[in-house]
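Participant: Sequence order for the protein chains is A and B.
Mapping the first sequence onto UniProt numbering, position 92 (from 1) lands on 92, and the numbers just tick up by one.
Mapping the second sequence onto UniProt numbering, position 88 (from 1) lands on 88, and the numbers just tick up by one.
Number of protein chains: 2
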Amino acid sequence: MERKTTNLMSIGSLSKAASVKIPTIRYYEQQELIIATCRSEGNQRLYSEKELQRLRFIKHARDLGFSLNDVRELILLEQQPSGSCESAHLIAARHLQSVCVRLAQLERLKHELERMVSLTESAENKRCSVIKALADHSQCEGEHCA
Amino acid sequence: MERKTTNLMSIGSLSKAASVKIPTIRYYEQQELIIATCRSEGNQRLYSEKELQRLRFIKHARDLGFSLNDVRELILLEQQPSGSCESAHLIAARHLQSVCVRLAQLERLKHELERMVSLTESAENKRCSVIKALADHSQCEGEHCA
DNA sequence: CTAATACCTCTAGTAACTAGAGGTTCAAGT
DNA sequence: ACTTGAACCTCTAGTTACTAGAGGTATTAG
């Protein structure tokens, strides 16, 4: 009744529509994240609009840096009627947290690298200061140096 | 003459001194980044101060996010007498560049995740907004959405 | 001399794909 | 109906930088 035209598409079309490479789609299938609606007589995968939506969901989550395990969980939550919101929120919040941590780390690394590179640029000494900076970590300002 | 006491250490001591795990050291050996000075009668690895310095160099570079391939190159450069500075500078600058790119990406992701999470917190509707945000990327503000 | 600890090699597993070999199916044109 | 070329199929192995485990040997402290 509310079923649209049963327009099934090949893996190639799906790939283009979701901007996800074909081998990746097959990999996701292996990981049980997405399964083709059915196969053609000749065993080729056929997908409906529903799978396209799911693949876009996965793509978006991956672009946001969620792991495939997170994605797996989110898909399960999506399928449940309700009560799943808190869990989804938790996953997102946890991920946000790790993004923040990573961000702070990268900031620090950026500073040290900048220092290293600028030292090199003004180098008048023979010994390379990039290499010196790496070898002699007493100069290092970063926290990663124990 | 300028040779210090020939105090060789086991892989365990080296590991502690450089804060690098034992299997990782063996892995680096396999990758030809560091080789033990010699072996004991019973075939156990023995290292000198020189290897400790190199391992610290590797560790520091890895902490700064250089790939093992970069490290390999930097080590080669380190061993050459001179003229290697530009190459080392190039490697560092290239890496800094990629750190900056990654940083900008992460900033964007952070914003989108924050938006997602805050939406969820104030949700009064039944359907989870985290999941909705992932499914419906027309709401998405990030550049990663094509 | 013995027991605990540290070491050895080798293989396989992790995440998230990517690449390639070798073969089949589909769609379009003649 | 036939042919050609693109798109598809499965399966295996490679990528990065390690980590974990099995099964066995060396060293060292008491």
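Cβ coordinates follow ideal geometry from the N, Cα and C atoms, glycine included.
Between 55(B), 79(B), 80(B), which lies nearest to residue 68(B) when the distance is taken from Cα to Cα?
Facilitator: As a first step, residue 68(B) is located in the second sequence; it is residue number 68 there, counting from the start. Comparing Cα positions, the closest option is 55(B).
Participant: Should residue 135(A) be flagged as near chain B, meaning a C-beta pair shorter than 7 Å?
Facilitator: Here residue 135(A) refers to the residue found at position 135 when the first sequence is read from its first residue. With 7 Å as the cut-off, residue 135(A) counts as an interface residue toward chain B.
Participant: I need the straight-line Cα distance from residue 146(A) to residue 118(B), nearest angstrom please.
Facilitator: Indexing the first sequence from 1 puts residue 146(A) at position 146. Indexing the second sequence from 1 puts residue 118(B) at position 118. The predicted model places residue 146(A) with a pLDDT of 41, which falls under 50 and marks its position as unreliable; any figure quoted below should be read in that light. Residue 146(A) and residue 118(B): Cα-Cα distance of roughly 36 Å.
Participant: Determine the direct distance from the alpha carbon of residue 91(A) to that of residue 135(A), and round the result to whole angstroms.
Facilitator: As a working note, residue 135(A) is residue 135 in the first sequence. As a working note, residue 91(A) is residue 91 in the first sequence. Rounded to the nearest angstrom, the two C-alpha atoms are 40 Å apart.
Participant: So what's residue 128(A) in DSSP terms, helix, strand or just coil?
Facilitator: One-based indexing of the first sequence puts residue 128(A) at position 128. In this structure, residue 128(A) counts as coil in the three-state DSSP scheme.
Participant: With a cut-off of 7 Å, does the C-beta of residue 111(B) fall near any C-beta of chain A?
Facilitator: Working through the second sequence from its first residue, we reach residue 111(B) at position 111. Chain A, which has no Cβ nearer than 7 Å to the Cβ of residue 111(B), makes this no.
Participant: Report the option in 133(A), 30(A), 63(A), 71(A) whose CA atom is closest to the CA atom of residue 19(A).
Facilitator: Translated into the one-based positions of the first sequence, residue 19(A) becomes position 19. With distances taken between Cα atoms, residue 19(A) lies closest to 63(A).
Participant: Using only the alpha-carbon positions, how far apart do residue 36(B) and residue 48(B) sit?
Facilitator: Here the question's residue 36(B) lines up with position 36 in the second sequence. Here the question's residue 48(B) lines up with position 48 in the second sequence. The straight-line gap from Cα to Cα measures roughly 8 Å.
Participant: Identify the continuous beta strand (DSSP E) that holds residue 76(B) and give its terminal residues.
Facilitator: Indexing the second sequence from 1 puts residue 76(B) at position 76. Taken as a continuous stretch (DSSP letters only), residue 76(B) belongs to no beta strand (DSSP E), being part of the alpha helix (DSSP H) at 68-79.
Participant: Would you report the Cα separation of residue 70(B) and residue 77(B), rounded to the nearest angstrom?
Facilitator: Taking the first residue of the second sequence as 1, we reach residue 70(B) at position 70. Taking the first residue of the second sequence as 1, we reach residue 77(B) at position 77. The straight-line gap from Cα to Cα measures roughly 10 Å.
Participant: Taking only the alpha-carbon atoms, compute the straight-line gap between residue 154(B) and residue 80(A) and give it to the nearest angstrom.
Facilitator: No statement about residue 154(B) is possible, as the shown extent of chain B runs from 1 to 146 and does not include it.
Participant: Can you give the Cα-Cα distance for residue 45(A) and residue 39(A), rounded to whole angstroms?
Facilitator: Residue numbering aside, residue 45(A) sits at position 45 when the first sequence is read from its first letter. Residue numbering aside, residue 39(A) sits at position 39 when the first sequence is read from its first letter. Going by the C-alpha atoms only, they are around 5 Å apart.
Participant: Would you kindly check if the distance between the Cβ of residue 106(A) and the Cβ of residue 103(B) is under 7 Å?
Facilitator: In the second sequence, the residue the question calls residue 103(B) occupies position 103. In the first sequence, the residue the question calls residue 106(A) occupies position 106. Yes; because the gap between Cβ atoms is below 7 Å, this pair is in contact.
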